[in-house]
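Here's the structure we're looking at; comments come further down.
2 protein chains.
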Amino acid sequence: MNLKEFAKSIGMSQTTVSRALSGYPEVKAETRQRILKLSQELGYHPNRSAAGLATGRAGAVGIVLRESHGFDPNTTEFMAGLGSRLETRQIDILITVVEDREGELTAYQRLAASKRVDAVILHTPVVDDERMAFLKKLKMPFVLHGRGIDNGNFPWIDIDNFGAIYRATSYLIDIGHKRIGMINGSKGDVFAEHRDQGYRKALKERGLPFYEDMITHGAFIDDVGYRSMQDFLSLSEPPTAVLAGSMMTALGVMRAVRSAGLTLGRDISLIAHDDVFNYINADNMVPTVSTTRSSMREAGVRIGDILLQMLAGRDVSSHSEVWPVELVLRESTAPPAS
Amino acid sequence: MNLKEFAKSIGMSQTTVSRALSGYPEVKAETRQRILKLSQELGYHPNRSAAGLATGRAGAVGIVLRESHGFDPNTTEFMAGLGSRLETRQIDILITVVEDREGELTAYQRLAASKRVDAVILHTPVVDDERMAFLKKLKMPFVLHGRGIDNGNFPWIDIDNFGAIYRATSYLIDIGHKRIGMINGSKGDVFAEHRDQGYRKALKERGLPFYEDMITHGAFIDDVGYRSMQDFLSLSEPPTAVLAGSMMTALGVMRAVRSAGLTLGRDISLIAHDDVFNYINADNMVPTVSTTRSSMREAGVRIGDILLQMLAGRDVSSHSEVWPVELVLRESTAPPAS
DNA sequence: CTGAAAGCGCTTACAG
DNA sequence: CTGAAAGCGCTTACAG
Chain A
0 MNLKEFAKSI
10 GMSQTTVSRA
20 LSGYPEVKAE
30 TRQRILKLSQ
40 ELGYHPNRSA
50 AGLATGRAGA
60 VGIVLRESHG
70 FDPNTTEFMA
80 GLGSRLETRQ
90 IDILITVVED
100 REGELTAYQR
110 LAASKRVDAV
120 ILHTPVVDDE
130 RMAFLKKLKM
140 PFVLHGRGID
150 NGNFPWIDID
160 NFGAIYRATS
170 YLIDIGHKRI
180 GMINGSKGDV
190 FAEHRDQGYR
200 KALKERGLPF
210 YEDMITHGAF
220 IDDVGYRSMQ
230 DFLSLSEPPT
240 AVLAGSMMTA
250 LGVMRAVRSA
260 GLTLGRDISL
270 IAHDDVFNYI
280 NADNMVPTVS
290 TTRSSMREAG
300 VRIGDILLQM
310 LAGRDVSSHS
320 EVWPVELVLR
330 ESTAPPAS
Chain B
0 MNLKEFAKSI
10 GMSQTTVSRA
20 LSGYPEVKAE
30 TRQRILKLSQ
40 ELGYHPNRSA
50 AGLATGRAGA
60 VGIVLRESHG
70 FDPNTTEFMA
80 GLGSRLETRQ
90 IDILITVVED
100 REGELTAYQR
110 LAASKRVDAV
120 ILHTPVVDDE
130 RMAFLKKLKM
140 PFVLHGRGID
150 NGNFPWIDID
160 NFGAIYRATS
170 YLIDIGHKRI
180 GMINGSKGDV
190 FAEHRDQGYR
200 KALKERGLPF
210 YEDMITHGAF
220 IDDVGYRSMQ
230 DFLSLSEPPT
240 AVLAGSMMTA
250 LGVMRAVRSA
260 GLTLGRDISL
270 IAHDDVFNYI
280 NADNMVPTVS
290 TTRSSMREAG
300 VRIGDILLQM
310 LAGRDVSSHS
320 EVWPVELVLR
330 ESTAPPAS
């Protein structure tokens, strides 16, 4: 059923029906209600391609994911939040999977030229990120989840990675730890850079030395946590506390600690960053794990908000938010064993 | 730049350019090559809405995800595989997030009526699944990941859940276990039903009783594994081996075993189902965990194949595949402690 | 507040 | 093998 047929079947002109469904003010409220109800009953929905062609808007936002990256649990949580927000306006999410960074740029070019999406979401910015400039040149609107080193005229939302790790490190020092290991995200990722800085600042402020061999960088997978922790434990003077960049690396740390016959929360303290997944819960670990906590899902919801404003034509180009991160203390942190 | 402008700028008619880009055989190979190269250079991509309107095809496939369900790591892995396959044909994935089952049906209706996608992917079928019949009525092509109890005339791909658990259970019995716990997926999910059946058949064949209190059903989250295992351990005669439906529940089981002061692979044996994530690896656990293994990502790739065939007009309505599941034995399984 | 009609940018049957 | 033109189903400026 198309507009013509639908309009005819309810005895109205195409113009009026179209305007009623799009919520234009020219239509009498009562008329709109009736048309809305009838469209529901008869199951009429405008052909999205036709509407897109006429308006120049796609009614969808894009996310480009690299196969090797971007398919971690974080992305899923983020999309759940984003989608739940966009659903209210019937904006869909278009996923494009690419192989590498170069493929990502090509994908943006195609999405822009073919007008498949009205905006895209960028995530996991790196220190020298070319994507923001690239999208600007394409005139493709975007919101960045995370932030650049150099933030031009575009909207972004990030958590306070610096503050979170600064605070966690400071806390560990304050309860007596003098050697603190750090298992961070991949080198080059802006968030990991900020966490490094928070870590170093806390050490410096409290007059503790920075040890190169007590910091590692890598993907958020359990194996990286395990190996890093094993390396730490093999040092002549191992750390007495460790910061893990994710729950996945934290699981690896816990394993390494057990394997070494040590006890977490007694011999070794741990604070992990928790993006909040329902299937892995810091409160359910043994011992329960202290975390710096920030919900990925909520970030998705908020970025959905901003996108909707963007699509409504509002100027959000200078909008940015930095979300505070909670420090949740549980059993895995304690003063060092004398 | 639109077709008209692009065609003019390279001195060809719109018809020829359009046909060349769509790979129609009427265009001389040499001409097509030239046009293809020029379109790359000038960055011309057909407006997808216009193409969709003209052809009636959207160039995208849909997945509808419920907020409370479908945002687990499995879905992510599946999409990574699916997307990598569809990318080769520049077919995008349209994600629609809904609240509940009813919202899911409404979403299909909208996707069908507005011609936003050419086909959808159904996943996690339940015993009384109304979605297949619903989509047929809408004339919306689909592929089912999993299978129905009653499989009509539609394509599906599933793993051999029955066989996997039958084999794992049989193995445990063969090495001497007489009480085997089972932490299964949610009641009502077809895959969980099949696993139940495999479990029961193995017990029955070898003359072992089925104990109601040695089987639980629930979501694939660590907490479910933990609690189920604690319940098992509080039985007057606890199981000596356990099957966990996922790596997430297996983590919970491992925790409960440790909390009870027992040792996995000695006091308690464990076999977990592993959908293969790169961030949680059965080989890296302590002890390493025996698994029934099947790659979610590969399933995504294969379903992408089938969708592409579908979009190419091939009749795949009676296509189905059941994939065998590997049993990988590691340190977590051993004969019962005397 | 409502309607007739132009136009969005493609694809493809038809004619050559 | 190539081209002129109709038509896909909407939206929206314009006229009333």
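Chains as they are written, first to last, in numbering that gives the first Met the number 0: chain A, 0 to 337; chain B, 0 to 337.
Backbone N, C-alpha and C fix where the C-beta goes; we use that ideal spot for every residue, glycine too.
As computed with DSSP, B:Glu325 is found in a beta bridge with B:Arg292.
With respect to the C-alpha of B:Val125, the residue from B:Arg166, B:Asp274 and B:Gly187 having the closest C-alpha is B:Gly187. Listed by position along chain B, the residues whose Cβ is nearer than 7 Å to that of A:Ala49 are Leu52. For B:Ser268, the uninterrupted beta strand (DSSP E) segment begins and ends at Ser268 to Asp273. Inter-residue distance for B:Gly197 and B:Ala271 is about 15 Å (C-alpha atoms, whole angstroms). With the criterion set as a beta carbon lying under 8 Å from some beta carbon of chain B, the members of the segment 23–48 of chain A are Gly42, Tyr43, His44, Pro45, Asn46, Arg47 and Ser48, in sequence order.
Under a 10 Å Cβ-count criterion, B:Leu269 is classified as buried, with 16 or more other Cβ atoms of the shown protein chains found around its own Cβ. B:Gly51: member of the alpha helix (DSSP H) spanning Arg47 to Thr54, first to last residue.
B:Ser319 and B:Gly251 have their alpha carbons spaced roughly 34 Å apart. The beta carbons of B:Gly312 and B:Pro237 sit no closer together than 9 Å.
A:Ala106 is positioned such that its CB atom lies no closer than 9 Å to that of B:Arg47. Close CB contacts of A:Glu297 within its chain, under the 7 Å cut and outside five residues either way in sequence, are with Gly80 (chain order). Nearest to B:Gly51 by alpha-carbon distance, out of A:Ile62, A:Lys7, A:Ala19 and A:Lys114, is A:Lys114.
In the structure shown, the three-state DSSP call for A:Glu320 is strand.
For A:Gly80, the enclosing alpha helix (DSSP H) begins and ends at Pro72 to Glu86. Taking each of A:Thr248, A:Arg84, A:Phe5 and A:Ala240 in turn and checking the Cα distance to A:Leu261, the smallest one comes out for A:Ala240. Every beta strand (DSSP E) stretch that sits fully inside the segment 133–186 of chain A and reaches 3 residues is listed by chain position as 141–144, 155–158 and 179–183. Within 7 Å of the CB of A:Ile220, the CB atoms of chain B belong to Asn277 and Tyr278, in sequence order along the chain.
CA-CA distance, A:Leu328 to A:Ile156, rounds to 26 Å. DSSP places B:Ile120 in no alpha helix (DSSP H) but in the uninterrupted beta strand (DSSP E) bounded by Ala118 to His122.
Around the beta carbon of A:Asn1, a 10 Å sphere encloses fewer than 16 other beta carbons of the protein chains shown; the residue is thus reported as exposed. Looking from the CA of A:Ser8, the closest CA among A:Leu41, A:Gly102 and A:Val300 belongs to A:Leu41. When Cβ-Cβ separations below 9 Å define contact, A:Ile214 makes no contact with chain B. According to the DSSP assignment, A:Thr95 belongs to no alpha helix (DSSP H) but to the beta strand (DSSP E) extending over Asp91 to Val97. None of the residues of the segment 125–148 of chain A has a beta carbon lying less than 8 Å from any beta carbon of chain B. Excluding its 5 nearest sequence neighbours in each direction, B:Arg166 has C-beta neighbours in its own chain below 6 Å: Leu326, listed in chain order. When the Cα atoms are used, A:Lys200 and B:Glu101 turn out to be separated by approximately 52 Å. CA-CA distance, A:Thr75 to A:Ser12, rounds to 44 Å.
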